[in-house]
Amino acid sequence: MTISGSEPMRPTRRSVLFGIALAGLPLPAFAGSRTRLSGRAFGTTWTVISAVLRDPVAITDRIRTALTAIDTEMSPFLPDSVLSRFNTGLRTISVSVDFEHVTRAALAVAATSGGACDPSVGPAVHRYGFGPIRGTFRAGAWQAIRCEGGQLTADAPVTLDLCGIAKGFAVDKLTDILAQETDDFIVEIGGEIRAYGNWPVGILNPLTGSVHSRIRLSSNAVATSGDAINGFDHGERRWSHVIDPATGQPVSNGIASVSVIAPDAMRADAMATALMVMGENQGIAFAEAQNLGALFLIRDGNGLRARHNAAFAARLI
Numbered sequence: 004m005t006i007s008g009s010e011p012m013r014p015t016r017r018s019v020l021f022g023i024a025l026a027g028l029p030l031p032a033f034a035g036s037r038t039r040l041s042g043r044a045f046g047t048t049w050t051v052i053s054a055v056l057r058d059p060v061a062i063t064d065r066i067r068t069a070l071t072a073i074d075t076e077m078s079p080f081l082p083d084s085v086l087s088r089f090n091t092g093l094r095t096i097s098v099s100v101d102f103e104h105v106t107r108a109a110l111a112v113a114a115t116s117g118g119a120c121d122p123s124v125g126p127a128v129h130r131y132g133f134g135p136i137r138g139t140f141r142a143g144a145w146q147a148i149r150c151e152g153g154q155l156t157a158d159a160p161v162t163l164d165l166c167g168i169a170k171g172f173a174v175d176k177l178t179d180i181l182a183q184e185t186d187d188f189i190v191e192i193g194g195e196i197r198a199y200g201n202w203p204v205g206i207l208n209p210l211t212g213s214v215h216s217r218i219r220l221s222s223n224a225v226a227t228s229g230d231a232i233n234g235f236d237h238g239e240r241r242w243s244h245v246i247d248p249a250t251g252q253p254v255s256n257g258i259a260s261v262s263v264i265a266p267d268a269m270r271a272d273a274m275a276t277a278l279m280v281m282g283e284n285q286g287i288a289f290a291e292a293q294n295l296g297a298l299f300l301i302r303d304g305n306g307l308r309a310r311h312n313a314a315f316a317a318r319l320i
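Start counting at 1 in the sequence shown, then tack on 3, and there's your number in this note's numbering.
Structure follows, in structure tokens:
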């Protein structure tokens, strides 16, 4: 997924939350009437392009602070993060407002999708070499997790994995920061995008890295789940980082990527994973029921076959 005119980035749902080092991030770069801010976070890059800001250096500092806070709370790679401490077997732990918001959203998507996007799937992800969360995965274990009143609790042994939604939340968090300054900007973290104004965005072909199709975003978001980067070939099968919770194994439905358009990036992020698990027919029906735009790119021989719904078609350029 690319911002038109920028360097291409292959789509992936899980640019997982690594510890981030904020020292030495580049200062804002100015080009014409636009301001471009960028840096690294979550093991990937972030970019903001906006109308001229009054104080881009101050905005950059606020972005760095916000991303550090999210990583410190929600990263499974940081042993002292709130999430990692919960995953050591604690049955209750105090959490921030943001952590509660993201966890409740993850549990809501799990319920709505019939468990297709499962925030307890971390141990299965680890089993196939894609994540650090150890333990035993049981389908439906997410139902033992509660998060309310500033407390994260578990009714049974379970782990929590927010990688399928936290990056989308981070995009939304940066959007909130920018929206206080201007109504014309685009935010991108690791290929997940939210825009205010009128912005062309490219959806990449996961097999070639070229632009497959272009859409126009305005006050909404797009996220892509796929196996182009976080996957490997073994035998005659492509092994994806996206786990089907029903089997505890990587999805094997021929879907190369799913792109979802939604009002916010957190929802787009989680729903892209859910549709990847559901597959083409069930996924399209689910997207329609949820009022989401969806594009499926399906492996077909040596190429791709595309299928999208009307809500996605309405955004095509």
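Note that the Cβ used here is the ideal one computed from N, Cα and C, for glycine as well.
Exercise for review: Tell me whether GLY257 is buried or exposed, calling it buried when 16 or more other Cβ atoms sit within 10 Å of its Cβ.
Suggested key: Residue numbering aside, residue 257 sits at position 254 when the sequence shown is read from its first letter. Burial call: exposed.
Review point. Count the other CB atoms within 10 Å of the CB of ARG57; is the residue buried (16 or more) or exposed (fewer)?
Key: Within the sequence shown, the letter at position 54 stands for residue 57. Its Cβ having fewer than 16 others within 10 Å, ARG57 is exposed.
Exercise for review: State the start and end residues of the unbroken beta strand (DSSP E) segment that holds HIS244.
Suggested key: The residue labelled residue 244 in the question sits at position 241 within the sequence shown. No beta strand (DSSP E) contains HIS244, which DSSP labels as neither H nor E.
Review point. Can you name the start and end residues of the alpha helix (DSSP H) that ASP101 belongs to?
Key: Locating residue 101 in the sequence shown gives position 98, counting from the first residue. Where ASP101 is concerned, the enclosing alpha helix (DSSP H) stretches over 100 to 115.
Point to revise | Every unbroken beta strand (DSSP E) within the region 148 to 182, with a cutoff of 3 residues, ordered by chain | key: 148 to 151, 154 to 157
Exercise for review: Have a look at VAL128 and GLU76 and give me their C-alpha separation to the nearest angstrom.
Suggested key: Numbered from its first residue, the sequence shown carries residue 128 at position 125. Numbered from its first residue, the sequence shown carries residue 76 at position 73. Their Cα atoms are separated by approximately 20 Å.
Exercise for review: Return the CA-CA distance between ALA317 and LEU298, expressed in angstroms with no decimal places.
Suggested key: Looking up residue 317 in the sequence shown gives position 314. Looking up residue 298 in the sequence shown gives position 295. Going from the Cα of ALA317 to the Cα of LEU298 covers about 12 Å.
**Study point:** First and last residue of the uninterrupted alpha helix (DSSP H) at SER88
**Key:** As a working note, residue 88 is residue 85 in the sequence shown. The sequence as given places Arg at residue 88; Ser does not occur at that position. Segment 85 to 89, the alpha helix (DSSP H) holding ARG88.
Check your understanding: Excluding five sequence neighbours on each side, which residues of the same chain lie with their C-beta closer than 6 Å to the C-beta of HIS311?
Key -> Indexing the sequence shown from 1 puts residue 311 at position 308. Around HIS311: LEU298.
Check your understanding: When the distance is taken between beta carbons, is VAL225 closer than 8 Å to CYS150?
Key -> In the sequence shown, residue 150 corresponds to position 147, counting from 1. In the sequence shown, residue 225 corresponds to position 222, counting from 1. Between CYS150 and VAL225, the CB-CB gap reaches or exceeds 8 Å.
Point to revise | Residue(s) in a DSSP beta bridge with GLU191 | key: Position 188 of the sequence shown, counted from the start, is the residue given in the question as residue 191. Note: GLU191 sits in a beta bridge opposite THR50, ILE196.
Check your understanding: The alpha helix (DSSP H) with LEU56 in it runs from where to where?
Key -> Mapped onto the sequence shown, residue 56 falls at position 53. It is not in any alpha helix (DSSP H) - LEU56 carries neither H nor E in the DSSP assignment.
Exercise for review: Would you kindly check if the distance between the Cβ of GLY118 and the Cβ of GLY143 is under 8 Å?
Suggested key: Residue mapping note: residue 143 aligns to position 140 of the sequence shown, counting from 1. Residue mapping note: residue 118 aligns to position 115 of the sequence shown, counting from 1. Closer than 8 Å, so yes.
Point to revise | Distance, ARG308 Cα to SER213 Cα | key: Counting from 1 along the sequence shown, the entry for residue 213 is found at position 210. Counting from 1 along the sequence shown, the entry for residue 308 is found at position 305. C-alpha separation (whole angstroms): 15 Å.
Review point. Between ILE180 and ILE62, is the Cβ-Cβ spacing less than 8 Å?
Key: As a first step, residue 180 must be located in the sequence shown, where it is residue number 177. As a first step, residue 62 must be located in the sequence shown, where it is residue number 59. Yes, Cβ-Cβ distance for ILE180 and ILE62 is below 8 Å.
Practice item. Mind the definition here: the region 70 to 85 touches the region 194 to 210 only if three or more C-beta pairs lie below 8 Å; say whether that holds. Key: Counting Cβ pairs under 8 Å, fewer than three are found: no touch.
**Study point:** Inter-residue spacing [alpha-carbon to alpha-carbon] between SER216 and GLY125
**Key:** What you label residue 216 is simply residue 213 of the sequence shown in a count that begins at 1. What you label residue 125 is simply residue 122 of the sequence shown in a count that begins at 1. Across the structure, SER216 and GLY125 are spaced so that their CA atoms are roughly 32 Å apart.
Practice item. Would you please state the rounded distance, in angstroms, between the beta carbons of VAL280 and VAL254? I believe it to be under 8 Å. Key: Working through the sequence shown from its first residue, we reach residue 280 at position 277. Working through the sequence shown from its first residue, we reach residue 254 at position 251. Rounded, the Cβ-Cβ distance is 6 Å, consistent with contact.
**Study point:** Proximity of ARG67 and GLY46 at Cβ, strictly below 8 Å
**Key:** As a first step, residue 67 is located in the sequence shown; it is residue number 64 there, counting from the start. As a first step, residue 46 is located in the sequence shown; it is residue number 43 there, counting from the start. A distance of 8 Å or more separates the beta carbons of ARG67 and GLY46.
Point to revise | Same chain only: Cβ atoms within 6 Å of ALA277, ignoring 5 sequence neighbours per side | key: For the purposes of this step, residue 277 is taken as the residue at position 274 of the sequence shown. Same-chain partners within the cutoff: SER116, ALA119, CYS120.
Check your understanding: If you run the structure through DSSP and keep just helix, strand and coil, what is LEU278?
Key -> Here the question's residue 278 lines up with position 275 in the sequence shown. Helix, per DSSP.
Exercise for review: Would you list the residues sitting across from SER41 in a DSSP beta bridge?
Suggested key: For the purposes of this step, residue 41 is taken as the residue at position 38 of the sequence shown. Answer by DSSP bridge pairing, in chain order: THR50.
Practice item. Report the three-state DSSP secondary structure of GLN285 (helix, strand or coil). Key: To locate residue 285, count along the sequence shown from 1; it is residue 282. Helix, per DSSP.
Review point. Contact between the region 130 to 137 and the region 160 to 169: three or more CB pairs below 8 Å?
Key: yes
**Study point:** Assigned exposure category for ASN284 - 16 Cβ within 10 Å defines buried
**Key:** For the purposes of this step, residue 284 is identified with residue 281 of the sequence shown, where counting begins at 1. ASN284 is exposed by the Cβ-count criterion.
Practice item. Enumerate in chain order the residues of its own chain whose CB-to-CB distance from GLY306 is below 8 Å, with the five nearest sequence positions on each side excluded. Key: For the purposes of this step, residue 306 is identified with residue 303 of the sequence shown, where counting begins at 1. Excluding five sequence positions before and after GLY306, the CB atoms of its chain that fall closer than 8 Å to its own CB belong to LEU210, given in chain order.
Check your understanding: Just how far apart, CA to CA, sit PHE140 and SER123?
Key -> Walking along the sequence shown from the start, residue 140 turns up at place 137. Walking along the sequence shown from the start, residue 123 turns up at place 120. Between the alpha carbons of PHE140 and SER123 lies a distance of about 7 Å.
Practice item. Note the first and the last residue of the continuous beta strand (DSSP E) segment covering GLY306. Key: Counted from its first residue, the sequence shown places residue 306 at position 303. Where GLY306 is concerned, the enclosing beta strand (DSSP E) stretches over 306 to 311.
Check your understanding: Roughly how far, in whole angstroms, is the beta-carbon of ILE218 from the beta-carbon of ILE320, given that I think they are within contact range, below 8 Å?
Key -> By 1-based counting over the sequence shown, the position of residue 218 is 215. By 1-based counting over the sequence shown, the position of residue 320 is 317. Confirmed, Cβ separation roughly 6 Å.
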